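Enquirer: Sharing a structure here in structure tokens format.
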Amino acid sequence: MDNNLKEYSIDPIFERYIQPHSKEAKQQLLTSILEKRDGRVVHVWKQMHLNDKERYELCQQHGINATIKIYCFNGRNSAAYYICTKELERSDLCEEYRKYLIGELYHHKELIEKRDKFRKAMIKGRLSDELSAKLGVAAATVKKYSVYAGAMDIIFDTDADFAKKILMGKVKVSHENVVELSRLRKEEVRIIAQAVETDRLEKLTLQDIRNEVKWSYLRYQSSVSKVKKEVVKRPPKAGTIRQMPAYDPDSEVNSLCMTIGSWVSSIKRVNSTADFSKITTKARIRLSKELLSLDNSIKEIKGSLEERTG
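Counting the sequence shown from 1 gives a position; our numbering is that position plus 220.
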């Protein structure tokens with residue numbers, strides 16, 4: 221069967237790693253297809269597109285037979301590593317996408333090498349140095365981008381369109397605020413995404429995020445208790461970024477209560493799904509430290525609460 225007549229799918233996770241082409245970039249791609257034979261090469265793996273879906277579609281639209289090159293990767297991580305590497309070569313890559321892809325490159329390289337028992341023992345500290353030399357960024361920056369990529373993947377799981385807008389710079393969100401977004405519950409992320417779309421925001425600040433969480437809390441309280449309707453005299457149109465409401469002494473506490481819900485949910489999920497007998501010593505120590513820090517913070521705030529209400 222002619223490879224050009226086959227149906228090739230696109231993995232939704234792989235699709236995250238591919239920055240959509242602008243009109244100008246798509247025109248350049250078409251010119252390459254029309255003028256050069258090697259511009260018609262399309263790479264696939266297990267009947268799936270890697271990073272050439274748009275090239276393949278342009279070939280089909282113009283009645284040109286693409287040259288299908290089939291790769292034989294050892295697994296998904298190797299295929300993902302290839303896609304990220306190729307996308308990082310693009311001259312039109314947005315800065316946020318570059319950060320995301322470097323983080324994903326680190327993530328997949330780590331998973332690839334963990335399969336090799338000999339190389340697994342050498343991973344610590346070396347992997348970030350290796351990618352640092354390859355990509356021309358500091359090793360600490362590579363690790364920082366891996367955190368950013370992990371946070372972006374959580375946002376992708378909730379709202380892929382919103383995640384793409386962040387990565388393409390259509391809405392500017394700092395590294396810290398991306399991490400903050402990833403800690404919210406899914407419904408809160410969706411509310412913020414809708415608000416960004418409705419208000420056509422170009423930048424999302426930490427204050428915007430906190431205001432939306434507070435307003436979602438107020439709407440929830442209003443829906444379950446008519447007695448509290450006076451909290452919001454005239455509820456603003458759903459899906460818009462609001463101005464800071466009038467001073468409410470409970471607002472910070474209510475916001476914290478909303479966030480704690482997501483912490484509890486995450487802790488319960490990890491406790492029920494993780495195999496603690498197989499985690500590394502490093503992960504065990506890190507988790508113990510974070511839990512101890514959380515426990516101390518809980519004791520401090522409980523002390524403040526008892527002090528001022530006793």
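Cβ coordinates follow ideal geometry from the N, Cα and C atoms, glycine included. Please read all numbers here as calculations on a predicted model, not as lab measurements.
Going by DSSP in three states, Leu-525 sits in which element: helix, strand or coil?
Expert: The answer is helix: DSSP assigns Leu-525 an H, G or I state.
Enquirer: Exposed or buried, what is Asn-431 when buried is set at 16 or more other beta-carbons lying within 10 Å of its beta-carbon?
Expert: Asn-431 is buried by the Cβ-count criterion.
Enquirer: Roughly how many angstroms separate the alpha carbons of Ser-517 and Leu-476, rounded to a whole number?
Expert: The straight-line gap from Cα to Cα measures roughly 13 Å.
Enquirer: Name the one or two DSSP bridge partners that Thr-287 has.
Expert: Val-261.
Enquirer: Look up Ser-311 in the DSSP assignment and say whether it is helix, strand or coil.
Expert: In this structure, Ser-311 counts as coil in the three-state DSSP scheme.
Enquirer: Measuring straight from C-alpha to C-alpha, what distance separates Ile-412 and Ile-429?
Expert: Distance between the alpha carbons of Ile-412 and Ile-429 is about 7 Å.
Enquirer: Rounded to whole angstroms, what is the Cα-Cα separation between Glu-315 and Lys-522?
Expert: If you take the alpha carbons of Glu-315 and Lys-522, they lie about 43 Å apart.
Enquirer: Is Phe-496 buried or exposed, if buried means 16 or more other CB atoms sit within 10 Å of its CB?
Expert: Flag for Phe-496 reads exposed.
Enquirer: Output needed for Val-409: all residues of its chain with C-beta closer than 7 Å, excluding positions within five of it in sequence on either side, in chain order.
Expert: Counting only Cβ-Cβ distances below 7 Å, and skipping sequence neighbours, we find Ile-375, Thr-378, Asp-379 and Leu-401.
Enquirer: Based on the DSSP output, what are the partners of His-269 in its beta bridges?
Expert: Paired residues: Val-264.
Enquirer: Using the beta-carbon count (16 or more within 10 Å), is Met-221 buried or exposed?
Expert: Confidence in Met-221 is poor, its pLDDT being 46 and thus under 50, which makes the residue's placement too unreliable to answer from.
Enquirer: Flag this pair as yes or no: are the beta carbons of Tyr-228 and Trp-265 separated by less than 7 Å?
Expert: Against a cut-off of 7 Å, the Cβ pair of Trp-265 and Tyr-228 comes out as no contact.
Enquirer: Just curious, the alpha helix (DSSP H) that Tyr-365 is in, first and last residue?
Expert: 359-378 is the extent of the alpha helix (DSSP H) around Tyr-365.
Enquirer: Keeping to the same chain, check which residues put their C-beta closer than 8 Å to that of Gly-619; ignore five residues upstream and five downstream.
Expert: Outside the shown range of the chain (221 to 530) lies residue 619, about which nothing can therefore be said.
Enquirer: Mind the definition here: the stretch 273-282 touches the stretch 344-361 only if three or more C-beta pairs lie below 8 Å; say whether that holds.
Expert: With a cut-off of 8 Å, the stretch 344-361 and the stretch 273-282 do not count as touching, because too few Cβ pairs lie within range.
Enquirer: Could you compute how far the alpha carbon of Ile-332 sits from the alpha carbon of Glu-350?
Expert: Computed Cα separation, rounded: 14 Å.
Enquirer: In three-state DSSP terms, what is Lys-306?
Expert: The answer is helix: DSSP assigns Lys-306 an H, G or I state.
Enquirer: Assign Ala-360 to one of two classes, buried (16 or more other C-beta atoms within 10 Å of its C-beta) or exposed (fewer than that).
Expert: Exposed is the call here.
Enquirer: To the nearest angstrom, how far is it from the Cα of Leu-325 to the Cα of Glu-526?
Expert: Approximately 48 Å, taken between the alpha carbons.
Enquirer: Using the Cα positions of Arg-318 and Glu-277, report the straight-line distance between them to the nearest angstrom.
Expert: Looking at the two C-alpha atoms, the distance is approximately 25 Å.
Enquirer: Just the Cα atoms here: how many angstroms apart are Lys-334 and Phe-234?
Expert: So the two alpha carbons sit approximately 21 Å from each other.
Enquirer: In terms of residues, what are the limits of the alpha helix (DSSP H) holding Thr-425?
Expert: Looking at the DSSP string, Thr-425 is not in any alpha helix (DSSP H), and its letter there is neither H nor E.
Enquirer: With distance defined between alpha-carbon atoms, name the residue in Asn-474, Ala-300 and Leu-511 nearest to Val-490.
Expert: The option with the nearest alpha carbon to Val-490 is Leu-511.
Enquirer: Which of the three DSSP states is assigned to Lys-392 in this structure?
Expert: Three-state result, Lys-392: strand.
Enquirer: Using only the alpha-carbon positions, how far apart do Lys-329 and Lys-256 sit?
Expert: Cα-Cα distance, rounded: 33 Å.
Enquirer: What is the DSSP secondary structure of Ser-229, reduced to helix, strand or coil?
Expert: Here Ser-229 sits in strand by DSSP.
Enquirer: If we cut at 7 Å on Cβ distances, does Ile-499 have a partner in chain D?
Expert: Protein chains in the displayed structure number just one, and chain D is not present.
Enquirer: Check this for me: beta carbons of Asn-397 and Leu-421, under 7 Å apart or not?
Expert: No. Outside cutoff.
Enquirer: Count the other C-beta atoms from every protein chain shown that fall within 10 angstroms of the C-beta of Val-444, then say buried if there are 16 or more, exposed otherwise.
Expert: Because the pLDDT at Val-444 is just 47, under 50, the model does not fix this residue reliably, and the point stays unresolved.
Enquirer: Under a three-way DSSP split, which group does Asp-381 fall into?
Expert: Three-state DSSP puts Asp-381 in a helix.
Enquirer: Report buried or exposed for Gly-259, applying the criterion of at least 16 other Cβ atoms within 10 angstroms of its Cβ.
Expert: Label assigned to Gly-259: buried.
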